[in-house]
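These notes are about the structure you will find just below.
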Amino acid sequence: MNTTHHKRHARALVSVYNKESVRELAQVLHAFDIEILSAGGTLSYLRKLGIPAKAVEDLTGYPSILGGRVKTLHPLVFGGILGRPGLDSDQYDMDAYGLNAIDMVVVDLYPFEQTLASGASHEEITEQIDIGGISLVRAAAKNFQHVLVVPSVKYFDKMALMLEQQKAHSSLADRKMMAAAAMDITSHYDTAIFHYLNQGEFNVFKESVRQANPLRYGENPHQQAYFYGNPGEIFEQLGGKPLSYNNLLDVDAAMGLMLEFSEPSFAIIKHTNACGVASRERIEDAWTGALAGDPLSTFGGILIANRGISAELAEAIHELFFEVLIAPDFDEEGLSVLGQKKNRILLRSKPFIAPDARFRSVLNGVLWQTQDHKNILPDQWRRPTVRKPDKHQENDLLFANTIVKHLKSNAIALVKNTMLIGIGTGQTSRVDALKQAIAKAHAFNHDLEGAVMASDAFFPFPDCVEIAHQEGIAAVIQPGGSVKDQASVDYCNEAKMAMVFTGNRHFRH
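Going by my numbering, the letters in the sequence shown line up with residues 57 to 565, in that order.
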């Protein structure tokens, strides 16, 4: 065995929050005659197991003080961990000050994140900010050439097996790997604490997500991809193949849109854009309306409902090819019908609150922004035209403006009777977006007479309202704010159209 890279461990410091979790590892250490140092509850637990652990207090000559806040913070502990055998100056200090090497550190940090999530008081939360444990982990990781660190209960069983198989030895590669694991644990822990304490005084970008879910590939088969997060918090997958990168993007768009609706609603998403949306008294009728909006684009799409899927609705949906269906519940019989196609992804959604912020990598950095949660309700609209929208038109305008907020810019949404009948998305001119929306509506024989139009941004010229009027569109909703707003208002007055301004743009790139 190459002693430069392999080390037989002789002395371990064990300090864990979850005492029972360390049982197997501690028994392996004891079986190989590795001396164990410990303190507090961990020491008591190990001794109850019949493991003759030694008290840190006996090493340092200091008791646990300040209510347990200070137990291991002592030069005799940290000098033992950080000392470098073979380095003359370190060996001199160790001999001079009576430092004995500690070549393994086993720690389970205080449960800060769990305490925070529990709704505990500020005092309870701050007491769970680990000081001694995280210091031990960092010290051991720094000296990985000589010290093995086991930084979390996540690694206890793995290290117990490794030490048993390798007869209490570790390689340099083992120790370096665990040092990286330690820094992963500590950096995540510190990030969580920072977010709790920071009230906006420090404008820095810090995110840490430790759960990596490998995906089959990215947007295209030659691209590697991961999803970092816990999708199980958002939905339960009831059947089908694993979600892909593109599926997840569409599911995110679908759930973000559906959060906008309280009445029974159904939406169909394709490449993150809504191609069919309808609200009705019955979810079955909402499905019929959403499908009718653009039945061609439904093929291979993502379907989402905010009510349960009945057997009747499942039978109707089953006839079509789609990638994913999301709903808060599924009738048992309906689930049986939908599950006949083994690759079809069925997700039971859980209560979901969209994050307050969104971010993505750009150039050599990150763009961060708050979510576009803003909805301007009818009592906040400015109504500059002579003709005002009636109650039915108000409902359609609000519905259209909600949808256009979720379309890629430049975007236009055409709506009639709370049903999407035409979209223009991702166009380089607003006129092109409107023409695309009209073409979509005509392709599926939708009557635009009396329909309404929503735009994600203002009209720089009156050309869009002119085109809309020629198609029979009766009312328009847009942010306003152009220096030529009055030209659009004048045209609407001449054409006896209603137009409202929200004062709120909804660009989406």
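Heads up, the beta-carbon is just placed ideally off N, CA and C, and yes, glycines get one too.
So, for D452: in the same chain, excluding its five sequence neighbours on each side, which residues have a beta-carbon less than 8 Å away from its beta-carbon? So the list reads V471, K472, N473, T474, A507, V508 and A531, once near-sequence residues are dropped.
So within the segment 70-95, which uninterrupted beta strand (DSSP E) runs reach at least 3 residues, ignoring any that extend past its ends? With a minimum length of 3 residues, the continuous beta strand (DSSP E) runs that stay inside the segment 70-95 are 91-94.
Bridge partner(s) assigned by DSSP for L381: Partner(s): L359 and L402.
Going by DSSP in three states, T539 sits in which element: helix, strand or coil? Residue identity differs from the one stated: residue 539 is Val in this sequence, not Thr. Coil, per DSSP.
How many Å lie between D387 and R438 at the Cα? Spanning the alpha carbons of D387 and R438 requires a straight line of approximately 45 Å.
Report buried or exposed for R231, applying the criterion of at least 16 other Cβ atoms within 10 angstroms of its Cβ. Around the Cβ of R231, a 10 Å sphere holds 16 or more other Cβ atoms; the residue is buried.
So for M57, helix, strand or coil by DSSP? In this prediction, M57 scores a pLDDT of 36, lower than 50, which makes its location untrustworthy; the coordinate-derived value is nonetheless stated afterwards. M57 falls in the coil class under three-state DSSP.
When you compare only the Cα positions, how much space is there between P440 and D519? Our two residues, P440 and D519, have alpha carbons roughly 18 Å apart in a direct line.
Just verifying my parser: in three-state terms, what is the DSSP assignment at H448? The answer is helix: DSSP assigns H448 an H, G or I state.
The beta strand (DSSP E) spanning W424 covers which residue range? Where W424 is concerned, the enclosing beta strand (DSSP E) stretches over G421 to T426.
Give me the residue from R125, T128 and N74 with the minimum Cα distance to L102. Of the listed residues, the one whose Cα sits closest to L102 is N74.
Which runs of the beta strand (DSSP E) at least 3 residues long sit entirely within the segment 460-522? Give them in chain order. Positions of the beta strand (DSSP E) runs, each at least 3 residues long and wholly inside the segment 460-522, are given as 468-471, 476-480 and 508-511 in order along the chain.
Give the DSSP-derived three-state secondary structure of R266 in the structure shown. Note: R266 maps to coil in three-state DSSP.
Cα-Cα separation, A513 to A467: Cα-Cα distance, rounded: 8 Å.
In this structure, how does DSSP classify E113 when only helix, strand and coil are distinguished? Here E113 sits in helix by DSSP.
Of all the options L122, D164, H61 and K63, which has the alpha carbon lying nearest to the alpha carbon of S605? The structure shown does not extend to residue 605, since the chain is modelled only from 57 to 565, so the question has no answer here.
For P298, collect the residues of the same chain with a Cβ closer than 8 Å to its Cβ; drop the 5 residues on either side in sequence, then sort them by chain order. Contacts found: L271 and R272.
Using the three-state DSSP reduction, which class does L315 fall into: helix, strand or coil? The answer is coil: DSSP assigns L315 none of H, G, I, E or B.
Are at least three pairs of beta-carbons, each pair with one atom in the segment 312-322 and one in the segment 282-301, less than 8 Å apart? Not touching, per the Cβ criterion.
Checking the sheet assignment: what are the DSSP bridge partners for Q293? Note: Q293 sits in a beta bridge opposite L403.
Quick one: grab the DSSP three-state call for N199. Here DSSP, grouped into helix, strand and coil, assigns N199 to coil.
Reference A310, options T182, M218, E289 and L403, closest by Cα: The residue from T182, M218, E289 and L403 with its alpha-carbon nearest to that of A310 is L403.
Identity of the residue in D144, A109 and G154 nearest H130 by Cα: Taking the Cα of H130 as reference, the smallest distance to any Cα among D144, A109 and G154 is reached at G154.
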